[in-house]
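Student:
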Amino acid sequence: MSSVRVRFAPSPTGPLHIGGARSALFNWLFARHHGGTFIVRVEDTDQERSSRQSEENIMNALHWLGLDWDEGVDVGGQYGPYRQTERLELYNKYADFLLNSKDAYLCYCSEEELAAEREALMAKGELPRYVGRCRDLTAKERAEFEAAGRRPVVRFRVPENGEVLIKDLVRGDVSFKCDEIGDYIIIKSDGIPTYNFAVVVDDHAMRISHVVRAEEHLSNTPRQILLYNALGWETPIFAHVSLILGKDRSKMSKRHGATSIEQYQNRGYLPEALANFLALLGWSPGSEEEIFSLEQLKQQFSLDRVAKSPAVFDLDKLNWLNGHYIRETSLDRVTEMALPYLEAAGYISTPLAPEEYGSVKMMVAAVRKYLSYMQEITEHVRIFFDDDVQVKDNESGQIMNGDQVKTLMRELIKRINIATTNAIAGDEAKVLLKEVGRSLKLKGKQIFMPVRVALTGSTQGPDLDLVMAILGREAITRRLSKWI
Ligand code: GLU
Numbered sequence: 171m172s173s174v175r176v177r178f179a180p181s182p183t184g185p186l187h188i189g190g191a192r193s194a195l196f197n198w199l200f201a202r203h204h205g206g207t208f209i210v211r212v213e214d215t216d217q218e219r220s221s222r223q224s225e226e227n228i229m230n231a232l233h234w235l236g237l238d239w240d241e242g243v244d245v246g247g248q249y250g251p252y253r254q255t256e257r258l259e260l261y262n263k264y265a266d267f268l269l270n271s272k273d274a275y276l277c278y279c280s281e282e283e284l285a286a287e288r289e290a291l292m293a294k295g296e297l298p299r300y301v302g303r304c305r306d307l308t309a310k311e312r313a314e315f316e317a318a319g320r321r322p323v324v325r326f327r328v329p330e331n332g333e334v335l336i337k338d339l340v341r342g343d344v345s346f347k348c349d350e351i352g353d354y355i356i357i358k359s360d361g362i363p364t365y366n367f368a369v370v371v372d373d374h375a376m377r378i379s380h381v382v383r384a385e386e387h388l389s390n391t392p393r394q395i396l397l398y399n400a401l402g403w404e405t406p407i408f409a410h411v412s413l414i415l416g417k418d419r420s421k422m423s424k425r426h427g428a429t430s431i432e433q434y435q436n437r438g439y440l441p442e443a444l445a446n447f448l449a450l451l452g453w454s455p456g457s458e459e460e461i462f463s464l465e466q467l468k469q470q471f472s473l474d475r476v477a478k479s480p481a482v483f484d485l486d487k488l489n490w491l492n493g494h495y496i497r498e499t500s501l502d503r504v505t506e507m508a509l510p511y512l513e514a515a516g517y518i519s520t521p522l523a524p525e526e527y528g529s530v531k532m533m534v535a536a537v538r539k540y541l542s543y544m545q546e547i548t549e550h551v552r553i554f555f556d557d558d559v560q561v562k563d564n565e566s567g568q569i570m571n572g573d574q575v576k577t578l579m580r581e582l583i584k585r586i587n588i589a590t591t592n593a594i595a596g597d598e599a600k601v602l603l604k605e606v607g608r609s610l611k612l613k614g615k616q617i618f619m620p621v622r623v624a625l626t627g628s629t630q631g632p633d634l635d636l637v638m639a640i641l642g643r644e645a646i647t648r649r650l651s652k653w654i
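For the sequence shown, the working numbering gives the first residue as 171, with consecutive numbering after it.
Put into structure tokens, the structure is as follows:
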């Protein structure tokens, strides 16, 4: 099936949202699975809300997720241009064709007239739709409207009494009654096409084989199919992917937390974690497996395994997946990712000297197992930067009331300062603690716990020898001295 040509067609009116990213990913996976072509087309016909800034943000977010495309605004391609506002001539050409074939007509109704019509229909309990006042205007009536300064829109003439059947790869057969549709606008009075028209002209012109998009567009699809029919074009195959719901089963929105890819990027989620998570929002591998690289997804993805039921956005699962990737990836990468958060928290200032970098790297190694996303690192590394250690809970307080605490602190300070360099390398911390234990006849917890609390304020946290290596002799001495 190498004739697969699919597209992601964002409207650049804001950042890339979870739903859009999922549509992009599914299209990309489908294309890559079949050795087809993935196109990114910018649907910027809503000129007031569209911006180049949003377009750029969306492209950056797609790249960040690991997606690439074969045709699009920035990479070109033989069916370009790929920005709809640069294709207006084409839409006008086909609007003229539909006007000539009488499948479309000029409509001069004003906003006020349309609003009154909607209200009247609703008062009668009918669906608000255009009832066709301008359907059969005479040349004379048109001329009068023109003379009165009215600027027409172009409306599509919906066939009466028909039905439109969508054979959807995900949803099965779905049919819509033409009577409920009402003649819709295809070119606005400013000459700009509406979404439903531009999308058809472009999907045809760009030889799109499959339209894979969110379920919320399902009700647009009959309008698009009617246009394909009127233009004498073959329709692409449709696949409408289910909505994404929040955990409370209402449609995912800002109320449920971050909705844009950029927000997750800024919090320090890894792109492969987010891509893995997005893939599972609606697609399932048919096994219990949950960890998938893009490469594995490319091999396994198929539209047959895209569910009809809504997908539920489970942040805990995303956090779990992300934590997994944070632990699995290289320490250098996580360290690089940590730097901006540490800098923003005022812990470091970049560029770092090599030994500072080494120390940050040790901190990252010590705490990464606790992280769901990188931004959380500032909480976990606080213990390394603040010598003013506060005992965090009762249990820790009791430990520090033990008889031996003072002696223990003195002994450790003495032994730790035998060496002259600040650094504690390799096994040295372990060895030191063992020696202290031997000389004071204390074992295991009796040593580790008080030392840990003195150094970090708590009985829990990263491995003690790592903490000691990170702090170095001077900071350790300062912290232990407080207990003498
Ligand atoms: N521009 C539309 C959107 O962002 C594209 C819908 C489609 O894929 O046809 O929702």
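Note that beta-carbon positions come from the ideal geometry of N, C-alpha and C, so glycine has one too.
Assign residue 369 to one of three DSSP states: helix, strand, or coil.
Tutor: Here residue 369 sits in helix by DSSP.
Student: Taking only the alpha-carbon atoms, compute the straight-line gap between residue 648 and residue 522 and give it to the nearest angstrom.
Tutor: Going by the C-alpha atoms only, they are around 24 Å apart.
Student: According to the neighbour-count rule (16 or more other Cβ atoms, all chains shown, within 10 Å of its Cβ), is residue 603 buried or exposed?
Tutor: Per the 10 Å Cβ criterion, buried.
Student: Does the count of Cβ pairs from the region 532–543 and the region 567–584 closer than 8 Å reach three?
Tutor: With the cut-off at 8 Å, the region 532–543 and the region 567–584 do not touch.
Student: Can you name the start and end residues of the beta strand (DSSP E) that residue 338 belongs to?
Tutor: 333–338 is the extent of the beta strand (DSSP E) around residue 338.
Student: Quick one: is the Cβ of residue 549 within less than 7 Å of any heavy atom of ligand 1?
Tutor: It does not: the Cβ of residue 549 is nowhere closer than 7 Å to a heavy atom of ligand 1.
Student: Cα separation between residue 272 and residue 327?
Tutor: Roughly 8 Å between the two C-alpha positions.
Student: Residue 518 to residue 566, Cα distance in whole Å?
Tutor: When rounded, the distance between both Cα atoms is 29 Å.
Student: By Cβ distance below 7 Å, which residues in the same chain neighbour residue 371 in space, the five residues on each side in sequence not counted?
Tutor: Cβ within range, chain order: 260, 261, 264.
Student: What does a CB cutoff of less than 6 Å around residue 618 pick up in its chain, not counting 5 residues either side in sequence?
Tutor: So the qualifying residues of the chain are 634.
Student: Helix, strand or coil: how does DSSP classify residue 226 here?
Tutor: Of the three classes helix, strand and coil, the one that applies to residue 226 here is helix, per DSSP.
Student: So, is residue 394 buried or exposed, given that buried needs 16 or more other C-beta atoms within 10 angstroms?
Tutor: With 16 or more Cβ atoms within 10 Å of its Cβ, residue 394 is classed as buried.
Student: With C-beta atoms as the reference, is residue 545 less than 8 Å away from residue 574?
Tutor: Cβ distance not < 8 Å, so residue 545 and residue 574 don't count as in contact.
Student: May I have the straight-line CA-CA distance separating residue 629 from residue 614, to the nearest angstrom?
Tutor: Rounded to whole angstroms, residue 629 to residue 614 spans 13 Å at the Cα level.
Student: Does ligand 1 have even one heavy atom less than 7 Å from the beta-carbon of residue 213?
Tutor: True, at least one ligand heavy atom lies under 7 Å from that Cβ.
Student: Which term fits residue 364, buried or exposed, when burial requires 16 or more other beta carbons within 10 angstroms of its beta carbon?
Tutor: Buried.
Student: Alpha carbon to alpha carbon, how far is residue 415 from residue 480? Give it in angstroms, no decimals.
Tutor: Going from the Cα of residue 480 to the Cα of residue 415 covers about 7 Å.
Student: For the region 407–489, list the beta strand (DSSP E) runs that are entirely contained and at least 3 residues long, ordered along the chain.
Tutor: Fully enclosed beta strand (DSSP E) runs of 3 or longer: 407–411.
Student: Taking just the CA atoms, how far does residue 195 sit from residue 210?
Tutor: If I take the Cα positions, the gap works out to 11 Å.
Student: Note down the Cα distance separating residue 443 from residue 488, rounded to an integer number of angstroms.
Tutor: Cα-Cα distance, rounded: 7 Å.
Student: Report yes or no: do the region 346–364 and the region 317–331 share at least 3 C-beta pairs separated by less than 8 Å?
Tutor: With a cut-off of 8 Å, the region 317–331 and the region 346–364 count as touching, because enough Cβ pairs lie within range.
Student: Are at least three pairs of beta-carbons, each pair with one atom in the region 428–438 and one in the region 379–394, less than 8 Å apart?
Tutor: Contact fails: fewer than three Cβ-Cβ distances are below 8 Å.
Student: Going by beta carbon distance, what residues of the same chain come within less than 8 Å of residue 349, once the five residues before and after it are set aside?
Tutor: Answer for residue 349: 330, 331, listed in chain order.
Student: Using a threshold of 7 Å, is the CB atom of residue 181 nearer than that to any non-hydrogen atom of ligand 3?
Tutor: This structure simply doesn't include ligand 3; it includes ligand 1 instead.
Student: Taking the beta carbon of residue 193 as the centre, do at least 16 other beta carbons fall within 10 Å, making it buried, or is it exposed?
Tutor: Buried, by the Cβ-count rule.
Student: How is residue 359 classed by DSSP in three states: helix, strand or coil?
Tutor: Here residue 359 sits in coil by DSSP.
Student: By the three-class DSSP mapping on this structure, what secondary structure does residue 325 have?
Tutor: It is a strand residue.
Student: Is residue 393 near ligand 1, going by C-beta to nearest heavy atom under 7 Å?
Tutor: No.
Student: Can you find a heavy atom of ligand 1 that lies under 7 Å from the Cβ of residue 381?
Tutor: For ligand 1, at least one heavy atom lies less than 7 Å from the Cβ of residue 381.
Student: What is the DSSP secondary structure of residue 276, reduced to helix, strand or coil?
Tutor: In the structure shown, residue 276 sits in a strand (DSSP, three-state: E or B).
Student: Taking 7 Å as the cut-off, does the CB of residue 344 come closer than this to any heavy atom belonging to ligand 1?
Tutor: It does not: the Cβ of residue 344 is nowhere closer than 7 Å to a heavy atom of ligand 1.
Student: Would you say residue 200 and residue 380 are within 8 Å of each other, going by their C-beta atoms?
Tutor: Yes, the Cβ-Cβ distance between residue 200 and residue 380 is below 8 Å.
Student: For residue 585, report the span of its alpha helix (DSSP H) as first-last.
Tutor: First-last of the alpha helix (DSSP H) with residue 585: 575–586.
Student: Counting pairs of Cβ atoms below 8 Å between the region 177–186 and the region 209–228, do you hit three or more?
Tutor: Touching, per the Cβ criterion.
Student: Can you give me the C-alpha to C-alpha distance between residue 277 and residue 404, rounded to a whole angstrom?
Tutor: If I take the Cα positions, the gap works out to 28 Å.
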